[in-house]
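Just below is one structure, and these are the notes that go with it.
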DNA sequence: TTCGAATATTCCTGTAAAGGAATATCCGCA
DNA sequence: TGCGGATATTCCTTTACAGGAATATTCGAA
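Residue numbers (the working numbering), protein chains in the order written: chain A, 1 to 113; chain B, 114 to 226.
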């Protein structure tokens, strides 16, 4: 999992853009309008999102339509999966760690008693 | 979905910490050792992660054991869900947008036919 | 080719955040 | 109560990044 993806989503306006694009592809102007951003800032944020591979652009006439790219989302999903799995087994296993500590020290195996 | 979560994960070292904690709770010293961080930086990153609600601390003797908090991950999962759903219906529907454009123009309502 | 709409880029400034080094704090124990 | 290990905090400096304003670029149409 790449920190770049999170970095791109860390900025509130960019997160808003992503969530807006969830409803479908959209040209820059409309994005700026809906989110009440100045056009240059919208373009700049879209640039960052694009560099991070989160969105993709497709020119139509004199507009540039931006849309989401699925892959980073899929990667995030797989990443979350690894945590889900860890959860099931050793979730809150603080005691596991404590047990490790005990083992580390001189304490000899007391035969389970 | 909160940008704070992404912000916390946007820093490579913090992302490493999170992935390290996936294997179980761990005291600061061990985290610092394994990731080759200086202890103060480790503490500082853990502070950020803690403020973001991604980790939780539990004191044991003179150590402080950090562990993951499930909730932000669950929230991220739900968030991803909203995209998965959007995918299924209107994924790449660029043509939807183009159709909208057409509709916007003089094209009269055709009676829902 | 010229014009205008739509969009991208540049320059500037303020600010938030990260690492390094030093230091403070906390806690169990002798 | 004082000590030492473990951890947190502070101060400082450097750098990355966001917004504002102005400007450059692109593309289609006349």
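The C-beta atom is built at its ideal place from N, Cα and C for all residues, glycine as well.
Which whole-angstrom value is the C-beta distance of residue 54 (chain A) and residue 10 (chain A), which I expect to be below 8 Å?
Taking the first chain and counting its residues from 1, one reaches residue 54 (chain A) at position 54. Taking the first chain and counting its residues from 1, one reaches residue 10 (chain A) at position 10. Contact doesn't hold; Cβ gap of about 12 Å is too wide.
Quick check: residue 39 (chain A) and residue 28 (chain A), are their CB atoms within less than 8 Å of each other?
By 1-based counting over the first chain, the position of residue 39 (chain A) is 39. By 1-based counting over the first chain, the position of residue 28 (chain A) is 28. One thing to note: residue 39 (chain A) has its Cβ within 8 Å of the Cβ of residue 28 (chain A).
Partners in chain A for residue 135 (chain B), counting only beta-carbon separations shorter than 8 Å:
For the purposes of this step, residue 135 (chain B) is identified with residue 22 of the second chain, where counting begins at 1. Simply 82, 83, 86.
Can you tell me whether residue 25 (chain A) is helix, strand or coil according to DSSP?
Translated into the one-based positions of the first chain, residue 25 (chain A) becomes position 25. Coil at residue 25 (chain A), not helix or strand.
Residue 155 (chain B) at chain A interface by Cβ criterion, 8 Å
The residue labelled residue 155 (chain B) in the question sits at position 42 within the second chain. Taking CB atoms only, residue 155 (chain B) has no neighbour in chain A less than 8 Å away.
Report yes or no: is there a C-beta of chain A within less than 8 Å of the C-beta of residue 120 (chain B)?
Translated into the one-based positions of the second chain, residue 120 (chain B) becomes position 7. For residue 120 (chain B), the answer is yes, since a Cβ of chain A falls inside 8 Å of its Cβ.
Using DSSP bridges, identify the partner residues of residue 180 (chain B).
As a working mapping, residue 180 (chain B) is identified with position 67 in the second chain. Answer is B:169, bridged to residue 180 (chain B).
Using the Cβ count rule (16 or more neighbours within 10 Å means buried), how would you classify residue 6 (chain A)?
Taking the first residue of the first chain as position 1, residue 6 (chain A) is located at position 6. Within a 10 Å sphere around the beta-carbon of residue 6 (chain A) sit 16 or more other beta-carbons, which makes this residue buried.
Residue 72 (chain A): buried (16+ other C-beta within 10 angstroms of its C-beta) or exposed?
Start at 1 with the first residue of the first chain, and residue 72 (chain A) comes out as number 72. That one is buried.
Consult DSSP for residue 86 (chain A) and reduce its assignment to one of helix, strand or coil.
For the purposes of this step, residue 86 (chain A) is taken as residue 86 along the first chain, with counting starting at 1. Residue state for residue 86 (chain A) is assigned as helix, using DSSP reduced to three classes.
Assuming residue 105 (chain B) and residue 139 (chain B) are in contact, meaning their beta carbons sit under 8 Å apart, how far apart are those beta carbons, in whole angstroms?
The question about residue 105 (chain B) has no answer, for chain B in this structure spans 114 to 226.
Would residue 70 (chain A) pass as an interface residue toward chain B - the criterion being a Cβ-Cβ separation below 8 Å?
Translated into positions along the first chain, residue 70 (chain A) becomes position 70. Taking 8 Å as the CB threshold, residue 70 (chain A) lines the interface with chain B.
Is residue 10 (chain A) helix, strand or coil by DSSP?
Position 10 of the first chain, counting from 1, holds the residue named residue 10 (chain A). If DSSP states are grouped into helix, strand and coil, residue 10 (chain A) belongs with coil.
Would you kindly work out how many angstroms separate the C-alpha atoms of residue 187 (chain B) and residue 79 (chain A), rounded to a whole number?
On the second chain, position 74 is the one that residue 187 (chain B) refers to. On the first chain, position 79 is the one that residue 79 (chain A) refers to. Between residue 187 (chain B) and residue 79 (chain A), the C-alpha separation is close to 12 Å.
Confirm, please, whether the CB-CB distance from residue 86 (chain A) to residue 128 (chain B) is below 8 Å.
For the purposes of this step, residue 128 (chain B) is taken as the residue at position 15 of the second chain. For the purposes of this step, residue 86 (chain A) is taken as the residue at position 86 of the first chain. No, Cβ-Cβ distance for residue 128 (chain B) and residue 86 (chain A) is not below 8 Å.
Beta-carbon separation of residue 13 (chain A) and residue 37 (chain A) under 8 Å?
The count along the first chain starts at 1 and reaches residue 13 (chain A) at position 13. The count along the first chain starts at 1 and reaches residue 37 (chain A) at position 37. The criterion of a C-beta distance shorter than 8 Å is satisfied by residue 13 (chain A) and residue 37 (chain A).
Backbone CA spacing between residue 144 (chain B) and residue 183 (chain B) [nearest angstrom]:
As a position in the second chain, residue 144 (chain B) is number 31, starting the count at 1. As a position in the second chain, residue 183 (chain B) is number 70, starting the count at 1. The alpha-carbon atoms of residue 144 (chain B) and residue 183 (chain B) are separated by roughly 19 Å.
Nearest-angstrom Cα separation, counted from residue 160 (chain B) out to residue 202 (chain B)
If you number the second chain from 1, residue 202 (chain B) lands on position 89. If you number the second chain from 1, residue 160 (chain B) lands on position 47. In this structure, the alpha-carbon of residue 202 (chain B) lies about 41 Å from that of residue 160 (chain B).
So is residue 146 (chain B) in contact with chain A if we call contact Cβ pairs under 8 Å?
Taking the second chain and counting its residues from 1, one reaches residue 146 (chain B) at position 33. For residue 146 (chain B), not one C-beta of chain A is nearer than 8 Å to its own C-beta.
Considering Cα atoms alone, identify which of B:189, B:194, B:195 is closest to residue 83 (chain A).
The residue given as residue 83 (chain A) occupies position 83 in the first chain. The residue with the shortest Cα to Cα distance from residue 83 (chain A) is B:189.
Starting from residue 158 (chain B) and walking both ways along the alpha helix (DSSP H), at which residues does that stretch end?
Position 45 of the second chain, counting from 1, holds the residue named residue 158 (chain B). Looking at the DSSP string, the run of the alpha helix (DSSP H) that includes residue 158 (chain B) is 152-164.
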